[in-house]
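Residue numbers (the working numbering): 8 to 346. Here a beta-carbon is modelled for each residue, glycine too, at the ideal position from N, C-alpha and C. On a predicted model such as this, the values are computed, not experimentally measured, just so you know. A short worksheet on the structure shown next.
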Ligand code: NAD
Ligand code: UDP
């Protein structure tokens, strides 16, 4: 039996595919490469010593999914495929609901028709909207999302909850990621954003390597220790391992489950810049700017439910995250087009 990984060519997907291959799983990747390079999977195969089966195609293509499930013996799906740029989602809401919501509905319908019952879905801490308090537990209030990207993740969670009631044979899991960063320690695979990065750590990394002149710090008047935004950054390899544990745990279970995947620790923007400067030895100039619309002051997880249920906790600290990001960025200044 094989595991279908949608969006397996992307940032989190490629690291997870590598871990699955290392665990001797058979992996089928479905990706249309709108935000990924096929190079990532070539390098994954190099690291693992074996390759996933790669299908180039769209998760919204119902006929393709029907063929895929008829051709490959799939027993579980890890569903990463989606669009993820918050600002773009405000400008292009239909595209975001089409891929993130409708694509997931199409996938679920094809899974049901094929008798595939097991799904792990990439949700996000964004479903908590404006947190009432931190740390966030899985029982914290969700909703109140402020952009179509976040709303699409929240809507899919409601769909999964309803489907689990209607189809009691299904095991449906939503993993709420906090802020994924870092790269595989080999420096061979990592995050390769197209154009100017939206997220903090890839932005800092591009300043460190000389591609961008300085970091803009969005707001230093938040009610946080140094006034800048605080987030729960989690190493992408820890996140990949969280998927493996969730897959293992839910294999013989049914129903809808949700777990936070975070470290339980928060770091401010200025802490991130300082740590990157220390570990890369590079100058990281920054300028202070007003708050970014829609941003929240602080967001970090209570990851204890995953520790108890999944026997999973993050093992890599901030220095590991930054060292691995820097190795990837400095060895691949142009991302996957460096080679
Ligand atoms: P990514 O953009 O690197 O990966 C997504 C992958 O899906 C890409 O390879 C892309 O080519 C593919 N894809 C997009 N639309 C597709 C379609 N219609 N059909 C087939 N493939 C398609 O993003 P990522 O950071 O690896 O994120 C993976 C998932 O995790 C996404 O669903 C994202 O929303 C979610 N997530 C990411 C973060 C984060 O900060 N990176 C945080 C929380 C949740
Ligand atoms: N941030 C920043 N400058 C940037 C990008 C992000 O100051 O160029 C801040 C942002 O305001 C937030 C933190 O860094 O406090 C993390 O932002 P990111 O976009 O990486 O993640 P998210 O906002 O989704 O948590």
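If the criterion is Cβ atoms closer than 9 angstroms, does the pair residue i and residue j meet it?
{"i": "residue 134", "j": "residue 164", "result": "yes"}
{"i": "residue 180", "j": "residue 208", "result": "no"}
{"i": "residue 275", "j": "residue 203", "result": "no"}
{"i": "residue 107", "j": "residue 65", "result": "no"}
{"i": "residue 26", "j": "residue 182", "result": "no"}
{"i": "residue 83", "j": "residue 110", "result": "no"}
{"i": "residue 317", "j": "residue 260", "result": "no"}
{"i": "residue 234", "j": "residue 305", "result": "no"}
{"i": "residue 282", "j": "residue 329", "result": "yes"}
{"i": "residue 140", "j": "residue 215", "result": "no"}
{"i": "residue 197", "j": "residue 239", "result": "no"}
{"i": "residue 262", "j": "residue 171", "result": "yes"}
{"i": "residue 347", "j": "residue 28", "result": "No answer is possible for residue 347: it lies beyond the span of the chain, which begins at 8 and ends at 346."}
{"i": "residue 93", "j": "residue 151", "result": "no"}
{"i": "residue 19", "j": "residue 243", "result": "yes"}
{"i": "residue 42", "j": "residue 97", "result": "no"}
{"i": "residue 166", "j": "residue 112", "result": "yes"}
{"i": "residue 102", "j": "residue 75", "result": "no"}
{"i": "residue 342", "j": "residue 138", "result": "no"}
{"i": "residue 194", "j": "residue 105", "result": "no"}
{"i": "residue 132", "j": "residue 77", "result": "no"}
Please check the pair residue i and residue j, which I expect to be a contact at CB under 8 angstroms, by giving their CB distance rounded to whole angstroms.
{"i": "residue 302", "j": "residue 185", "result": "Going by Cβ atoms, the distance from residue 302 to residue 185 rounds to 15 angstroms, so no, they are not a contact pair."}
{"i": "residue 79", "j": "residue 257", "result": "Contact doesn't hold; Cβ gap of about 20 angstroms is too wide."}
{"i": "residue 333", "j": "residue 212", "result": "7 angstroms"}
{"i": "residue 81", "j": "residue 123", "result": "5 angstroms"}
{"i": "residue 36", "j": "residue 16", "result": "6 angstroms"}
{"i": "residue 13", "j": "residue 86", "result": "5 angstroms"}
In the DSSP assignment, what residue or residues form a beta bridge with residue i?
{"i": "residue 183", "result": "130, 267"}
{"i": "residue 294", "result": "223"}
{"i": "residue 241", "result": "187"}
{"i": "residue 274", "result": "238"}
{"i": "residue 33", "result": "9"}
{"i": "residue 306", "result": "238"}
{"i": "residue 38", "result": "63"}
{"i": "residue 262", "result": "178"}
{"i": "residue 166", "result": "DSSP, once it has assigned bridges, lists no residue as partnering residue 166."}
{"i": "residue 84", "result": "11, 126"}
{"i": "residue 71", "result": "Answer is none; residue 71 lacks a bridge partner."}
{"i": "residue 143", "result": "308"}
Report whether the distance from the Cβ of residue i to the nearest heavy atom of the ligand NAD is below 8 angstroms.
{"i": "residue 35", "result": "no"}
{"i": "residue 110", "result": "yes"}
{"i": "residue 184", "result": "yes"}
{"i": "residue 275", "result": "no"}
{"i": "residue 339", "result": "no"}
{"i": "residue 40", "result": "yes"}
{"i": "residue 198", "result": "yes"}
{"i": "residue 106", "result": "yes"}
{"i": "residue 187", "result": "yes"}
{"i": "residue 90", "result": "yes"}
Could you check whether the Cβ of residue i sits closer than 8 angstroms to any heavy atom belonging to the ligand UDP?
{"i": "residue 225", "result": "yes"}
{"i": "residue 207", "result": "yes"}
{"i": "residue 84", "result": "no"}
{"i": "residue 302", "result": "yes"}
{"i": "residue 6", "result": "Here the chain covers residues 8 to 346 and nothing more, so residue 6 does not appear."}
{"i": "residue 166", "result": "no"}
{"i": "residue 67", "result": "no"}
{"i": "residue 272", "result": "no"}
{"i": "residue 284", "result": "no"}
{"i": "residue 222", "result": "yes"}
{"i": "residue 243", "result": "no"}
{"i": "residue 210", "result": "yes"}
{"i": "residue 237", "result": "yes"}
{"i": "residue 97", "result": "no"}
*Contact between the stretch 258-271 and the stretch 309-317 (3+ Cβ pairs under 8 angstroms)*: The stretch 309-317 and the stretch 258-271 touch, with three or more beta-carbon pairs separated by less than 8 angstroms.
*Between the stretch 288-296 and the stretch 240-249, are three or more C-beta pairs nearer than 8 angstroms?*
The count of Cβ pairs closer than 8 angstroms, one atom from the stretch 288-296 and one from the stretch 240-249, stays below three, leaving the stretches out of contact.
*Say whether the stretch 66-74 touches the stretch 40-50, bearing in mind that this needs 3 or more beta-carbon pairs closer than 8 angstroms, one atom from each stretch.*
Contact between the stretch 66-74 and the stretch 40-50 is not established, with fewer than three Cβ pairs separated by less than 8 angstroms.
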